[in-house]
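Asker: Questions regarding the structure given below will be posed in turn.
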């Protein structure tokens, strides 16, 4: 046993010396997180299976709650042992190929100016006859609707008359009513629609 422990300690020390302590710690950290995530998911699935079948223990005159607690604790200890085994196995077999840092371009991204925007006219929201467009013309063709955009709320607020519901256009149900009452539209003027 001592011979195996000495051999593995020597091998891990050689790897740490070859890769450098910082790279080794980063590898150990990322490996631990990945393996822990995988083992934890398996543990949760096993607990779910245990929970589904634990009710049958009542037929054997055993308290299902106490049985669940004891078996879940035992499964947790097995999960920790499995975690240690997997990490040790992977670390002992891992080989890292380091490349020169100057060869790696971490910020190599395509130029966003080379992208072209494609707009499919069949998927443009034309609105309805109450939608207000920038030019004010409500009768638009599909091709012209691509180049126009609805007014912002601030621009449209100048054209809305709180006294005249015909100038409100399409109002969302959960938006404050344009009449100025402070109520939601669905509880004010939208309740009779």
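In UniProt numbering, the protein residues as written are 1 to 193. From the three backbone atoms N, C-alpha and C, an ideal C-beta is built for every residue, glycine too. From a predicted model like this one, the values you see are computed outputs, not experimental measurements.
Whole angstroms is fine: what's the gap from residue 175's alpha carbon to residue 47's?
Answerer: 46 Å
Asker: I think residue 162 touches residue 180, with their Cβ atoms under 8 Å apart; what is that distance to the nearest whole Å?
Answerer: 5 Å
Asker: Alpha carbon to alpha carbon, what distance is there between residue 160 and residue 128?
Answerer: For residue 128, the predicted model reports a pLDDT of 49, less than 50, meaning its position is unreliable; a value from the coordinates is still stated below. Approximately 17 Å, taken between the alpha carbons.
Asker: Given a cut-off of 8 Å on the beta-carbon distance, is the pair residue 36 and residue 83 in contact?
Answerer: yes
Asker: Can you tell me whether residue 178 is helix, strand or coil according to DSSP?
Answerer: Three-state result, residue 178: coil.
Asker: Nearest to residue 25 by CA position, among 4, 1, 96, is which residue?
Answerer: 96
Asker: Quick one, are the C-beta atoms of residue 72 and residue 50 less than 8 Å apart?
Answerer: yes
Asker: Got a sec? Which residues, its chain only, sit under 8 Å from residue 172 by beta carbon, not counting five neighbours each side?
Answerer: Here the set comprises 185.
Asker: Just curious, the alpha helix (DSSP H) that residue 68 is in, first and last residue?
Answerer: 64-93
Asker: What three-state label does DSSP hand residue 184 in the structure shown?
Answerer: Note: residue 184 maps to strand in three-state DSSP.
Asker: Tell me which same chain residues have a C-beta within less than 7 Å of the C-beta of residue 87, skipping the five on either side of it?
Answerer: 31, 32, 35
Asker: To the nearest angstrom, how far is it from the Cα of residue 11 to the Cα of residue 17?
Answerer: 10 Å
Asker: Could you spell out the range, first to last residue, of the alpha helix (DSSP H) harbouring residue 60?
Answerer: No alpha helix (DSSP H) contains residue 60, which DSSP labels as neither H nor E.
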